[in-house]
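> Sequential numbering from 22 applies to the sequence shown in the working numbering.
No residue lacks a Cβ here, since even glycine has one placed at the ideal position from N, Cα and C.
Keep in mind the model is a prediction, meaning the values are calculated, not measured.
This is the structure, below, for whatever I ask next.
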Amino acid sequence: MSETGSPARRGRDSRRARAQSRAVKYPYIRRRLQPVELLSLEAVEIIEANAETILAEVGIEFRRDPESLRLWREAGADVQGERVHIPRGLARRLLATAPAEFTLFARNPERNVRFGGDATVFSPVGGPPFVSDIERGRRYGTLEDLINFIKLTHMAPAIHFSGGCMCEPMEIPPNKRHLDIQYAFFRYSDQGCEATPETGGHAADAVALAQTLFGADYLETHPVVLGNINSNSPLVYDGRMLRALRVFAEHNQGTIVVPAVLAGAMGPVTPAGCLAEILAETLAGMALTQLVRPGAPVILGSFVGAISMRTGAPTFGTPEATQMIFATAQLARRLRVPCRSGGSLCASKVADAQAAYESAHTLLPTLLAGVNLATHAAGWLEGGLVASYEKFVMDADQCAMMQMLAQGMDLSERGQALDAIREVGPGSHFLGCAHTLANFETAFYQSSIADYSSYEQWTLEGKMTAEQRANRVWKKMLADYQDPGIDAAQNEAMLDFIARRKAVLSDTIDDE
22 MSETGSPARR GRDSRRARAQ SRAVKYPYIR RRLQPVELLS LEAVEIIEAN
72 AETILAEVGI EFRRDPESLR LWREAGADVQ GERVHIPRGL ARRLLATAPA
122 EFTLFARNPE RNVRFGGDAT VFSPVGGPPF VSDIERGRRY GTLEDLINFI
172 KLTHMAPAIH FSGGCMCEPM EIPPNKRHLD IQYAFFRYSD QGCEATPETG
222 GHAADAVALA QTLFGADYLE THPVVLGNIN SNSPLVYDGR MLRALRVFAE
272 HNQGTIVVPA VLAGAMGPVT PAGCLAEILA ETLAGMALTQ LVRPGAPVIL
322 GSFVGAISMR TGAPTFGTPE ATQMIFATAQ LARRLRVPCR SGGSLCASKV
372 ADAQAAYESA HTLLPTLLAG VNLATHAAGW LEGGLVASYE KFVMDADQCA
422 MMQMLAQGMD LSERGQALDA IREVGPGSHF LGCAHTLANF ETAFYQSSIA
472 DYSSYEQWTL EGKMTAEQRA NRVWKKMLAD YQDPGIDAAQ NEAMLDFIAR
522 RKAVLSDTID DE
């Protein structure tokens with residue numbers, strides 16, 4: 022058989038590629054399903070009370086940032102050195118000024134997204150140093166890889182937000198690469214994105230680039246980037262992250278406050294214990310944004326998983342992690358702030374059955390829990406160390422399925438289909454009835470990578486796996502990428518800013 026395969030397979034491959042590579046984007050999800058609330062009111066109140074106990078009695082360390090300590094002291098907290106004891110209820114009262122919902126504005130207004138309420142936004146994997154595909158294997162990420170993933174995200178129908186750095190461009194010095202990363206996001210896609218806040222200086226550079234593109238006055242009233250701020254669990258914020266948090270809040274840009282709590286390592290071995298710690302850390306970080314600028318948009322984040330008690334390696338897609346995803350969304354709703362959690366997480370090294378099961382056990386609960394921002398929703402492998410081209414396509418296909426699920430059941434006259442049942446009657450079939458002929462093209466979700474042919478046909482066409490089919494799809498998506506373009510003067514201004522900043526920055530990351 023030729024390398025290109027049979028006409029039937031070529032036709033199916035072409036339809037799959039077209040389905041995944043079309044430039045038409047779904048708007049962000051507005052869920053018609055009520056969120057599943059896994060915890061009882063009593064359980065939620067126990068976790069909330071325990072979080073307040075942690076804040077008041079154990080405290081949170083705000084290291085190497087005197088300004089944060091000053092803000093807390095003036096707010097009425099007990100500051101002993103770098104340990105801040107926050108009286109019961111204080112963080113929650115401060116957080117009352119944060120918006121329950123907010124819009125993040127993109128270059129293309131049609132790609133604005135909203136965080137909070139009934140919205141769910143999917144964004145891709147962020148942060149891996151490595152990338153992989155089935156031809157070249159696992160390797161360090163490059164700027165070319167990052168741009169490829171930005172383009173894939175720009176084209177994928179159900180990835181609504183470009184998210185954070187899909188892979189680190191390891192060939193660029195660490196204290197300068199944030200500039201190339203931010204420029205790539207602004208240049209190669211017109212949908213929203215995160216910033217890259219390794220330090221306060223990096224956050225300031227991201228804001229300055231955004232001001233160059235959108236205008237400084239515009240940013241004062243329009244969030245255009247999200248800064249992802251991680252605590253050093255358990256119960257520590259370091260100076261770099263604190264300075265970055267303050268930069269984003271000062272400029273009215275969105276901040277995601279995310280403890281990275283893996284049960285058994287950075288948190289207790291029980292979900293309830295981890296949730297109390299997560300809530301304490303997020304309350305402290307989110308409240309600080311309001312001390313910096315009341316009304317600054319902020320998102321309660323959680324990165325939930327556990328470690329193997331045999332090896333110490335991270336695990337994902339477990340029942341305990343699923344419980345924590347549901348609970349995080351529930352706790353955020355009670356605080357009236359948007360929630361970030363979940364995604365398509367797995368510990369597998371390749372896009373195999375383990376990757377599929379663990380990712381499915383993370384992604385479906387993310388939607389059903391009512392999470393507002395699902396980061397790492399496409400491309401995640403090996404506990405977040407690898408961004409996989411093939412898994413990006415496989416996950417993006419699942420995200421599109423989640424988008425369809427979130428619409429709920431069609432109960433219109435068309436959805437009820439009584440005319441079809443009357444026409445067909447007992448003992449016949451629906452294949453040729455008028456209702457089927459009128460609706461068959463859009464009746465069911467059409468996967469971009471699944472194979473529904475017979476075993477014999479599949480064998481004749483080369484026994485291709487889902488990963489192999491995904492390999493063809495991502496290549497077709499890149500080939501079909503449609504450049505959104507950019508104003509020449511704005512582009513030149515960003516490049517000039519980057520050149521001037523690189524001229525004064527050292528190659529290694531400093532504390533500022």
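1. I'd like to know if the region 327-342 and the region 103-123 are in contact, where contact means that at least 3 CB-CB pairs between them fall below 8 Å.
2. State the beta-bridge partners of N251 as determined by DSSP.
3. Who pairs with Q274 in a beta bridge, going by DSSP?
4. Alpha carbons only, please: which of D416, T303 and L230 is nearest the one belonging to L10?
5. Runs of 4 residues minimum, wholly inside the region 145-191: which ones carry the alpha helix (DSSP H) assignment?
6. Under the rule that 16 or more other beta-carbon atoms within 10 Å means buried, what is M287, buried or exposed?
7. Considering only C-alpha positions, which residue in the set F83, P178 and D501 is nearest to G260?
8. Use the C-beta contact count for H382: other C-beta atoms within 10 angstroms, 16 or more gives buried, fewer gives exposed.
9. Is it true that the region 196-215 meets the region 160-176, where meeting means three or more beta-carbon pairs spaced less than 8 Å apart?
10. Given a cut-off of 8 Å, decide if F170 and V142 are closer than it, judged by their beta-carbon atoms.
11. Out of Q419, D528 and M345, which one is the CA nearest neighbour of Q467?
12. Use the C-beta contact count for K412: other C-beta atoms within 10 angstroms, 16 or more gives buried, fewer gives exposed.
13. Got a sec, what are the start and stop residues for the alpha helix (DSSP H) G322 sits in?
14. Can you name, in chain order, every residue of its own chain whose Cβ lies under 7 Å from the Cβ of A308, other than the five neighbours on each side?
15. Between the Cα of T118 and those of I320, L173 and G405, spot the shortest distance and give me the residue it belongs to.
16. In chain order, what residues of the same chain have a beta carbon less than 8 Å from the beta carbon of L516, not counting five sequence neighbours either side?
17. Does the beta-carbon of S527 have 16 or more other beta-carbons within 10 angstroms, so that it is buried, or is it exposed?
18. Alpha carbon to alpha carbon, what distance is there between F324 and E73?
19. Only counting the same chain, and skipping five residues up and downstream in sequence, which positions put a Cβ closer than 6 Å to that of V152?
20. Report the rounded CA-to-CA distance for G148 versus C186, giving the unit in angstroms.
21. Please go through the same chain and pick out, in chain order, the residues whose beta-carbon is closer than 8 Å to the beta-carbon of R354, but skip the five residues on each side of it.
22. Residues in the same chain with beta-carbon distance under 6 Å from G316, minus the five sequence neighbours each way, listed in chain order, please.
23. DSSP has P505 in a bridge; who is on the other side?
24. Whole angstroms are fine: how far does the CA of G364 sit from the CA of S380?
25. Can you check DSSP and say which residues form a bridge with A284?
26. Assuming S362 contacts T387 under a Cβ cut-off of 8 Å, what Cβ separation, rounded to an integer in Å, is found between them?
27. What does DSSP give as the partner residue(s) for F83 in the beta ladder?
28. Under a three-way DSSP split, which group does R43 fall into?
29. Quick one, which of P447, G446 and D440 has its alpha-carbon nearest A459's?
30. For S409, which beta-bridge partners are listed by DSSP?
31. Which of helix, strand or coil does DSSP assign to R52?
32. From W495 to G400, what distance separates their C-alpha atoms?
33. By the 10 Å Cβ neighbour count, where 16 or more other Cβ atoms means buried, how is G158 classified, buried or exposed?
34. Taking N253 and E215 to be in contact with their CB atoms under 8 Å, please state how far apart those CB atoms are, rounded to whole angstroms.
35. Between the C-alpha atoms of S42 and L366, what's the straight-line distance to the nearest angstrom?
36. Under a Cβ-count criterion, where at least 16 other Cβ atoms within 10 Å of its own Cβ denotes burial, should G436 be classed as buried or exposed?
Let me spell this out:
1. no
2. As a working mapping, residue 251 is identified with position 230 in the sequence shown. For N251, which the question treats as bridged, DSSP gives the partners V279.
3. Numbered from its first residue, the sequence shown carries residue 274 at position 253. DSSP output for Q274 lists no bridge partner at all.
4. The structure shown does not extend to residue 10, since the chain is modelled only from 22 through 533, so no value can be given for it.
5. 164-176
6. What you label residue 287 is simply residue 266 of the sequence shown in a count that begins at 1. Counting Cβ neighbours within 10 Å, M287 comes out buried, since at least 16 surround it.
7. Taking the first residue of the sequence shown as 1, we reach residue 260 at position 239. The option with the nearest alpha carbon to G260 is F83.
8. By one-based count along the sequence shown, residue 382 stands at place 361. When all chains shown are included, H382 counts as buried.
9. yes
10. On the sequence shown, position 121 is the one that residue 142 refers to. On the sequence shown, position 149 is the one that residue 170 refers to. No, they are not a contact pair.
11. Counting from one through the sequence shown, the residue named residue 467 turns up at place 446. Closest option to Q467, Cα to Cα, is Q419.
12. Stepping through the sequence shown from its first residue, residue 412 is reached at position 391. Per the 10 Å Cβ criterion, buried.
13. Within the sequence shown, the letter at position 301 stands for residue 322. From DSSP, G322 is part of no alpha helix (DSSP H) but of the beta strand (DSSP E) over V319 to G322.
14. The residue you call residue 308 lines up with position 287 of the sequence shown. The residues are A112, L115 and L116.
15. The sequence position of residue 118 within the sequence shown is 97, counting from 1. Closest option to T118, Cα to Cα, is I320.
16. To locate residue 516, count along the sequence shown from 1; it is residue 495. If we look at L516 and ignore the five residues flanking it on each side, its Cβ neighbours are Y204.
17. To locate residue 527, count along the sequence shown from 1; it is residue 506. That one is exposed.
18. In the sequence shown, counting from the first residue as 1, residue 73 sits at position 52. In the sequence shown, counting from the first residue as 1, residue 324 sits at position 303. C-alpha separation (whole angstroms): 20 Å.
19. Residue numbering aside, residue 152 sits at position 131 when the sequence shown is read from its first letter. So the list reads G162, D166, C188 and A408, once near-sequence residues are dropped.
20. Translated into the one-based positions of the sequence shown, residue 148 becomes position 127. Translated into the one-based positions of the sequence shown, residue 186 becomes position 165. G148 and C186: Cα-Cα distance of roughly 5 Å.
21. Along the sequence shown, one-based indexing puts residue 354 at 333. If we look at R354 and ignore the five residues flanking it on each side, its Cβ neighbours are P56, C360 and G391.
22. By one-based count along the sequence shown, residue 316 stands at place 295. Excluding residues within five positions, the ones whose Cβ falls inside 6 Å are T118.
23. Mapped onto the sequence shown, residue 505 falls at position 484. Paired residues: none, contrary to the question.
24. Position 359 of the sequence shown, counting from 1, holds the residue named residue 380. Position 343 of the sequence shown, counting from 1, holds the residue named residue 364. About 7 Å.
25. In the sequence shown, counting from the first residue as 1, residue 284 sits at position 263. The partner list for A284 (beta bridge, DSSP) reads G288 and A327.
26. As a first step, residue 362 must be located in the sequence shown, where it is residue number 341. As a first step, residue 387 must be located in the sequence shown, where it is residue number 366. At roughly 6 Å, the Cβ-Cβ gap stays under 8 Å, so S362 and T387 are in contact.
27. Counting from one through the sequence shown, the residue named residue 83 turns up at place 62. In the DSSP output, where bridge partners are listed per residue, F83 has Y258.
28. On the sequence shown, position 22 is the one that residue 43 refers to. In this prediction, R43 has a pLDDT of 44, which is less than 50 and means its spatial position is unreliable; what the coordinates show is noted afterwards. DSSP places R43 in coil when its eight states are reduced to three.
29. As a first step, residue 459 must be located in the sequence shown, where it is residue number 438. Nearest option by C-alpha distance: D440.
30. Looking up residue 409 in the sequence shown gives position 388. Bridge partners of S409: S153.
31. Residue mapping note: residue 52 aligns to position 31 of the sequence shown, counting from 1. In the structure shown, R52 sits in coil (DSSP, three-state: anything other than H, G, I, E or B).
32. Here residue 495 corresponds to residue number 474 of the sequence shown, with the count starting at 1. Here residue 400 corresponds to residue number 379 of the sequence shown, with the count starting at 1. Taking the straight line from one Cα to the other gives about 11 Å.
33. Start at 1 with the first residue of the sequence shown, and residue 158 comes out as number 137. Under this definition G158 is an exposed residue.
34. Looking up residue 253 in the sequence shown gives position 232. Looking up residue 215 in the sequence shown gives position 194. Not confirmed; about 19 Å, so no contact.
35. Position 21 of the sequence shown, counting from 1, holds the residue named residue 42. Position 345 of the sequence shown, counting from 1, holds the residue named residue 366. With a pLDDT of 41 at S42, under the threshold of 50, the modelled position of that residue is not reliable, and the figure given next carries that caveat. Looking at the two C-alpha atoms, the distance is approximately 24 Å.
36. Indexing the sequence shown from 1 puts residue 436 at position 415. G436 is exposed by the Cβ-count criterion.
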